[in-house]
Amino acid sequence: LAVCDGNQKSRVDPDRFTCDTRKADRVLKINPQIKAHMDTVSYKMDGRICSSEAAFERDLNETLNLNDAQGYLRSNRRAAIKPIAKKLSECRNEAGAVSLLKKLKISTETINRQGQYPEYAGIQRWYIDRQLRKHNESV
Numbered sequence: 094l095a096v097c098d099g100n101q102k103s104r105v106d107p108d109r110f111t112c113d114t115r116k117a118d119r120v121l122k123i124n125p126q127i128k129a130h131m132d133t134v135s136y137k138m139d140g141r142i143c144s145s146e147a148a149f150e151r152d153l154n155e156t157l158n159l160n161d162a163q164g165y166l167r168s169n170r171r172a173a174i175k176p177i178a179k180k181l182s183e184c185r186n187e188a189g190a191v192s193l194l195k196k197l198k199i200s201t202e203t204i205n206r207q208g209q210y211p212e213y214a215g216i217q218r219w220y221i222d223r224q225l226r227k228h229n230e231s232v
């Protein structure tokens, strides 16, 4: 499983390394290609990524260091949901909000020409699904 280089090119403290640089040759228990694994993943509004499965939580926090409080990933995740929240606040009624959320969800599930999902699509999908549930919509 390939993951990003995780600050390898920057001159940061090795404790700030994330992703593949932090992982090194350790084997991950979590596999984002397995839906059951991803169903355990959620986010917090402060940008943290979490798992209800202890082994996966260790992978996220220790092996990959995805929640480093001094790193950029948490702030980038928070920033990724801000435009959605702003658009949502501009909706005039519930039907408009639900329609917007469904359109945005499709955009987060669309793979680009390089075969990749949009950056930070995971937290965006989580936030959209959370908002849809608030509007009593199935996700």
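Quick note: to get the numbering used here, add 93 to the position in the sequence shown (first position is 1). Where is the CB? At the ideal position from N, CA and C, for every residue including glycine. Quantities reported herein were computed from a predicted structural model and do not represent experimental measurements.
Any idea if I204 is buried or exposed, counting beta-carbon neighbours within 10 angstroms, 16 or more meaning buried? With fewer than 16 other Cβ atoms within 10 Å, it is exposed.
Below 8 Å, how does it come out for the stretch 148 to 159 and the stretch 113 to 127: are there three or more Cβ pairs, yes or no? Touching, per the Cβ criterion.
To the nearest angstrom, how far is the alpha carbon of L166 from that of K175? 15 Å
What is the DSSP secondary structure of I199, reduced to helix, strand or coil? helix
For K195, the nearest candidate out of N229, D139, I127, P107 (CA to CA): The shortest C-alpha separation from K195 is found at N229.
The alpha helix (DSSP H) that contains I142, what's its start and end? Taken as a continuous stretch (DSSP letters only), I142 belongs to no alpha helix (DSSP H), being part of the beta strand (DSSP E) at 142 to 144.
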